[in-house]
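Position one of the sequence shown corresponds to residue 165 (the numbering used here), numbered consecutively onward.
Scroll down for the structure; my scribbles are underneath it.
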Amino acid sequence: MWRVLKPFFNKNRKIDILLDDLVAKTCSYDFSSLSDSELQGKTFNFKNRITNGESLDSLIPESFAVVREASSRILNMRHFDVQVRGAIALHMGNIVEMKTGEGKSLTATMPAYLNSLTSKGVHYITVNPYLANRDANIMGKMFSFLGISTGCIIEGMSDEQRKLEYAKDIIYISNNEIVFDYLRDNTKHSLDSMVQRKLNYAIVDEADSIFIDEARTPLIISASTKQDVSLYKKINNIVLTLGDSDYEIDEKSKGVFLSDLGMEKVESTLRKYSLISNNQNLYDVECMYITHYVEQALRANKLFFINKDYIVKDGKIIIIDEFTGRMMDGRRYSEGLHQALEAKENLKIQTENIIVASTTFQNFFRMYPKVSGMTGTACTEAQELKDIYGLDTVQIPTHKKVIRVDDDDIIYGTDKEKYNAITSMIEEYHKKGQPILVGTSSIEKSERMSSILKKKNMKHFVLNAKFHEEEAEIIANAGLPYAITIATNMAGRGTDIKIGGDPDKMSHVQFEKNKKFVAEAGGLCVIGTERHESRRIDDQLRGRAGRQGEPGKTVFFLSLEDDLLRIFGSDNIRNMLHKLGLKDGESILHPWITKAVKKAQKKVENYHYDIRKNVLKFDDVINDQRKVIFAKRREIMTRDGLSLNLIIDNVNSNILSCLNLNDKSDDDLKEYIESEFFRIYNLYLELDSSLSEEEMKNILDSRVKEVIESRFDGVDDNDKQDILRKIMLVNLDSLWSSHINALDVVKSSIGLKSIGQKNPLNEFKKESLKMLEDMLRKWQELVLSYAVRINVELRTKKVVQNQDSNVMSFDNYSRNALCPCKSGKKYKHCHGMNK
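Dropping the structure here:
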């Protein structure tokens, strides 16, 4: 049904007609008279109907009504009609915008239940483990009542635990955990060791944060390398000697570049410390790696700031998410930037890692056959969500009318004047007992606001990455009478601010008394200390007030010194203010200003969207190659009769393609077949140059098979396949790791092709394809070289080497060391298992 109706979701009127009809049908079911066992029996009934060919879409009204009734009984929460409306839109594969406090978590239970009936698994994905665990515990009670199993996956779980959780019907998990499990699975050497099932359906909470804000974030599994980290400190010391005229900063693109004068100064110092020779400069090929260190040191010192972009905690650089203000534990900047920051802050420098496996949220979530998302703010990014993910955005009305008062922006000439005005407003509203939420864009600015209030002896709480652990309690108390809370970005907090405080922390009488007092005082007052580059982030802050029809007030204070107005506002806003008569110490409050600011924000959003689109085009090239490699890995792990056929197929297709590509003459062909490559591996054959390609292939097949079979003489077929799989997977993984690291370098420099009037994307496609072909050819040669040289003795489980090879012997090997076959297991769990 929904496949036919989905195109209508492009027109609001037809969306409303469709949703009205299905909501009415859902409401027509009344299961209140059913006993618990009768209600529970509906799940078995639905599964039988699906098995007999009935579609999920035909079950929407009845199944949603069952969830509604079960929720009323188990959770004491009955879905509002608008939540049913949102649930239908989610099931049909859309991004659903529901305002803060409208109950998105409960809404998602309906499509989660319906899609779980196929037993293929539903992934409910949140932005942090706390929310995943909280929702799994609460909603899991209702799902369990209906006979649906619920799992939750958090950091620290073993692979065995993860596999058990993924086997359940509905799995709650954070976006990072699920992507890293996917990447780890694609480095495993057997299907049994993989934890995830085939991807089926995902419901993504805070979808705009994951699909937009973190879309380009690379999720990387890495391994450390041997590296001279002292060079980072040496280069950092050189950069610290530079003056303003030695470099130029482009704030829009967040780039920093040495001027000619700066280049000369850096090169002179490098020569002084013998880091480059007297006849070398930073443009020499041999010095490119030095240039990389200099560029990252410049970025670290001139573009990245402590307490804004990162904090130092326990001797480590912790990245701050610019959209949510959260600490991003475990995340590291790539390409040496993180090491440059460690050098800047005089911390112990960790070695730069090589990429073993990587992907982005964009590419991962596009692999689901069906995906939907929900958030409080999506409509401003509807076009991007449609272009990138093919998802329409559906706006769901609020359960109660919004009565919050949203004032126009108030703008001042300077930051000092702005903060004085903010402080005055806080004092005024605090006297009335009105709870106040002050939104800031960085830790630095939240601490500046906190410092001002401390001087005024005004009690307050600060919510930023430095106080991450106290987040839930701070938010729970933010709606109390007289409460003042300073927060660095409110995106993805996952917890509502309820006027009157947290009802679970006090008696019902006290809560109702507090709630009445705050409502009469005007509800929650939200004060924004500046406008964010993205309108969505401002809307998320504003949406904290006036939830569920409560009173509230919001206002944003700006100054001409704010980054947004200074960098992107151009002179239009400044000229407008002069026409309106802005004087020192005065403010302007006018709808024109609010519109001008939104126009500046739109300009920034379009700028970042263009970047994301461009980056995605390059990422898609890498993703296509990732799919090829991961599919090849799965083929190796699943193919029956792997023993020789796959190796022979790969080797001979490679050899023959090489011959064809090089368009060799008969003499060249004979010389190639008699080359050193074939002599080393005992594959040397004198072939008649008059042989056809098919005849040549048959001879090569026969000879390769003969030689490999001799290495496995008397070995059980299962053991043989296991060994060959390891040979193929270990070599493929090693080469793939080198390949994606090389692609990273090519991608970072491919922009230079535009200087020669060439399209960088087309050049990257051609270059990366050639690199992939070379990598696969090398892999086939490596597999062949291992397969024709290895000798396996079944009785002792020893793997020894033919006299011509360099393969490591397994004799006298430490049982707790990693097995030299590179399986990733300890020796005692691999080739030393029976010793």
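Here a beta-carbon is modelled for each residue, glycine too, at the ideal position from N, C-alpha and C.
On a predicted model such as this, the values are computed, not experimentally measured, just so you know.
Would N287 be called buried (16 or more neighbouring beta carbons within 10 Å of its own) or exposed?
According to the sequence as given, residue 287 is His; it is not Asn. Around the Cβ of H287, a 10 Å sphere holds 16 or more other Cβ atoms; the residue is buried.
Examine the Cβ distances between the stretch 578-586 and the stretch 667-676 and report whether three or more of them are shorter than 8 angstroms.
no
For chain D, check one thing: does any of its Cβ atoms lie closer than 8 angstroms to the Cβ of T544?
Checking the listed chains, one finds no chain D in this structure; it contains a single protein chain.
At the level of alpha carbons, what is the spacing between I519 and M274?
Their backbone Cα atoms lie some 40 angstroms apart in a straight line.
Please classify E261: does DSSP put it in a helix, a strand, or coil?
strand
Got a sec, what are the start and stop residues for the alpha helix (DSSP H) I440 sits in?
Run containing I440: none; DSSP gives neither H nor E here.
Please state whether DSSP places K512 in a helix, a strand or coil.
coil
Three-state secondary structure (DSSP) at N301?
helix
Within the continuous alpha helix (DSSP H) that includes Q325, where are the two ends?
323-330
Alpha carbon to alpha carbon, what distance is there between T802 and L395?
46 angstroms
Give every residue of the same chain whose Cβ lies closer than 7 angstroms to the Cβ of A521, excluding the five residues on either side of it in the sequence, and list them in chain order.
L347, N350, T351, I385
Would the beta-carbon of V768 fall within 8 angstroms of that of E697?
yes
Quick check on this structure: which residue in N297, E684, Q674, R213 has the alpha carbon closest to the alpha carbon of G597?
Cα-wise, what sits closest to G597 is E684.
Confirm, please, whether the CB-CB distance from V785 to K922 is below 8 angstroms.
no
According to DSSP, is H243 helix, strand or coil?
coil
Buried or exposed for G656, going by 16 or more other Cβ atoms inside 10 Å?
In this prediction, G656 scores a pLDDT of 46, lower than 50, which makes its location untrustworthy; the coordinate-derived value is nonetheless stated afterwards. Its Cβ being crowded by 16 or more others within 10 Å, G656 is buried.
Exposed or buried, which one is H672 when buried takes at least 16 other CB atoms within 10 Å?
exposed
Examine the Cβ distances between the stretch 372-382 and the stretch 298-306 and report whether three or more of them are shorter than 8 angstroms.
no
Confirm, please, whether the CB-CB distance from F720 to A585 is below 8 angstroms.
no
Answer yes if the stretch 241-260 comes into contact with the stretch 196-211, meaning at least three C-beta pairs across the two stretches below 8 angstroms, and no otherwise.
no
Identify the continuous alpha helix (DSSP H) that holds Y576 and give its terminal residues.
From DSSP, Y576 is part of no alpha helix (DSSP H) but of the beta strand (DSSP E) over 574-576.
Could you pull the DSSP bridge partners for D570 from this structure?
T718
Sorted by chain position, which residues of the same chain lie with C-beta nearer than 6 angstroms to E341's C-beta, five sequence neighbours on each side aside?
I317
Given a cut-off of 8 angstroms on the beta-carbon distance, is the pair I575 and S751 in contact?
yes
Could you name the residues that DSSP lists as bridge partners for V230?
Note: V230 sits in no beta bridge, so no partner.
Counting along the chain, where does the alpha helix (DSSP H) carrying D414 start and finish?
Run containing D414: none in the alpha helix (DSSP H); it sits in the beta strand (DSSP E), 411-414.
State the DSSP-derived secondary structure class of I560, mapped to helix, strand or coil.
coil
Which residue wins for smallest C-alpha separation from K480, given the options I312, E509, A464?
E509
Less than 8 angstroms between the C-beta atoms of L462 and V403, yes or no?
L462 places its beta carbon less than 8 angstroms from that of V403.
Would you kindly check if the distance between the Cβ of N292 and the Cβ of K338 is under 8 angstroms?
Note that residue 338 corresponds to Ser in the displayed sequence, not to Lys. Going by C-beta atoms, S338 is nearer than 8 angstroms to N292.
Taking contact to mean at least 3 C-beta pairs separated by less than 8 angstroms, is the stretch 538-551 in contact with the stretch 687-694?
no
So for S338, helix, strand or coil by DSSP?
Three-state result, S338: strand.
Assuming L705 contacts G643 (C-beta within less than 8 angstroms), just tell me the rounded distance between them.
Beta-carbon to beta-carbon, L705 and G643 are separated by about 15 angstroms, too far to satisfy the 8 angstroms threshold.
Can you name the residues that DSSP bridges to D369?
M538
With burial defined as no fewer than 16 other Cβ atoms inside 10 Å of the residue's Cβ, what is the status of P533: buried or exposed?
exposed
Please classify Y474: does DSSP put it in a helix, a strand, or coil?
strand
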